[in-house]
Amino acid sequence: RFTCWDQYKNARYSNEGLRIDFILVDGDMFAESVRREDFRLHGGCDEVAPGSEDAALRMATAFGNFQPVPFTGGGMSDPPMRVYDMQFSEPHNGIIYTPPKYSD
192 RFTCWDQYKN ARYSNEGLRI DFILVDGDMF AESVRREDFR LHGGCDEVAP
242 GSEDAALRMA TAFGNFQPVP FTGGGMSDPP MRVYDMQFSE PHNGIIYTPP
292 KYSD
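Following our numbering, the numbering of the sequence shown begins with 192 at its first residue and continues without gaps.
Dropping the structure here:
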């Protein structure tokens, strides 16, 4: 689920991008990291398995609240603050999906 999407092609919305296989951190941050077996992947539901591509796409788009930029211009839409706040949640597996305005 660590992915870099091509904003020019709106690739976030098809969940097609380049995997990020390594994340470098300093020793202090590493020492504060805790590996827990009960961390779960968010985005799943009764119909969607938590570890599936569909669950990852649901999280990457904030359950469809982040919309692709029109190729005709106009820029990124601005969802309500509650959608931006979805990136801040209770402790989980450590994967954070930042809004397109912050990362793409």
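Backbone N, C-alpha and C define an ideal beta-carbon position, used for all residues, glycine too.
Consult DSSP for residue i and reduce its assignment to one of helix, strand or coil.
i    : result
L215 : coil
Shortest alpha-carbon distance to residue i belongs to which of the options?
i    : options                : result
Y275 : M250, W196, G218       : M250
P270 : P290, G264, F279       : P290
F257 : V216, S268, T263       : S268
F213 : N206, S280, C195, E223 : C195
G169 : G242, G255, K292       : The chain is shown from 192 up to 295; residue 169 falls before or after that span and cannot be answered.
When you compare the CB of residue i with every CB in chain D, is at least one pair closer than 7 Å?
i    : result
M277 : As a matter of chain content, chain D is missing from the structure shown, which is built from one protein chain.
Less than 8 Å between the CB atoms is what I'm expecting for residue i and residue j, so what's the real figure, rounded?
i    : j    : result
Y204 : P259 : 5 Å
Q278 : I286 : With a Cβ gap of about 10 Å, Q278 and I286 do not count as contacting.
G235 : A253 : At roughly 15 Å, the Cβ-Cβ gap does not stay under 8 Å, so G235 and A253 are not in contact.
D217 : G208 : At roughly 26 Å, the Cβ-Cβ gap does not stay under 8 Å, so D217 and G208 are not in contact.
One question on the structure: do residue i and residue j come within less than 7 Å of each other, judged by their Cβ atoms?
i    : j    : result
L248 : N206 : yes
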